[in-house]
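These notes concern the structure reproduced below.
Have a look at this one:
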């Protein structure tokens, strides 16, 4: 199993550009989520999904869109990039019900917005 | 709302010394508790978790943590540090409610440096 994969690893955008961060998992996990990691702030939840066709907002959703058309894929779209979105983005997935399950993280995408 | 506080953003220990990383949570109901580790330029991986039962939890790589309800704490320890333990460590919590969407709330992280 590849686990959770993310592309690209690195990306530089100009203010106002849009792009999609890709996330895929091959573990048949129902739950997937996107976090951003900023120095001294830990990880903050952007959006999450409890299954195909179902998404919801996390703590910091503004400026980001998600969709979940398949169990495997959960892309994150930046609509109009801003310097405040410079961060490291992690996708994660977990299996089954309950909030006690381990989340499996991808390797991250390092995004710089100029 | 739940929150997590990790005391000490940077901790340095000598190789072979005790590692103690502190985590306190704020929640009206004791949550599920996790420690994750992040090695340089990698994603996070689970070290250990507490859900129910025995309050002393053993994890991978010789780490353990003890849930103390009276102190709302879940400190991470390892008796003898190894150079390979150098990483950033995150404490996280999630609600016990059945309707929870498995959201994790993370602390701000502690960077562990191991000195030779």
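Protein chains in written order, with my numbering: chain A, 992 to 1105; chain B, 58 to 173.
All C-beta atoms, glycine included, are put in the ideal place defined by N, C-alpha and C.
On a predicted model such as this, the values are computed, not experimentally measured, just so you know.
Measuring CA to CA, which of 1009/A, 1102/A, 1018/A is closest to residue 1154/A?
-> Any answer about residue 1154/A is impossible in this case: the structure gives chain A only from 992 up to 1105.
Give the straight-line distance between the Cα atoms of residue 161/B and residue 173/B, rounded to the nearest whole angstrom.
-> 34 Å
How big is the Cα-Cα spacing for residue 171/B and residue 1030/A?
-> 20 Å
Quickly, what does DSSP pair residue 69/B with across the bridge? List them, please.
-> 170/B
Short-range partners of chain A found in the segment 99-120 of chain B, where Cβ spacing is below 8 Å = 99, 100, 101, 102, 103, 106, 108
Quick one: grab the DSSP three-state call for residue 59/B.
-> coil
Cβ atoms of residue 1073/A and residue 1006/A: under 9 Å apart, would you say?
-> yes
Other residues of its chain near residue 83/B: CB distance less than 6 Å, five sequence neighbours each side excluded | 60
Identify, in the order they occur along the chain, each residue of the same chain with its Cβ nearer than 8 Å to the Cβ of residue 74/B, setting aside the five sequence neighbours on each side.
-> 137, 138
Selection of the segment 1024-1044 of chain A by Cβ proximity to chain B, strictly under 7 Å | 1031, 1032, 1033, 1034, 1036, 1039, 1041
If you drop the 5 nearest sequence neighbours on each side, which residues of the same chain put their C-beta closer than 6 Å to that of residue 108/B?
-> 89
Under 9 Å between C-beta atoms, does residue 82/B make it to chain A?
-> no
Is residue 1093/A helix, strand or coil when you go by DSSP?
-> coil
Distance CB(residue 1021/A)-CB(residue 1099/A) smaller than 9 Å | no
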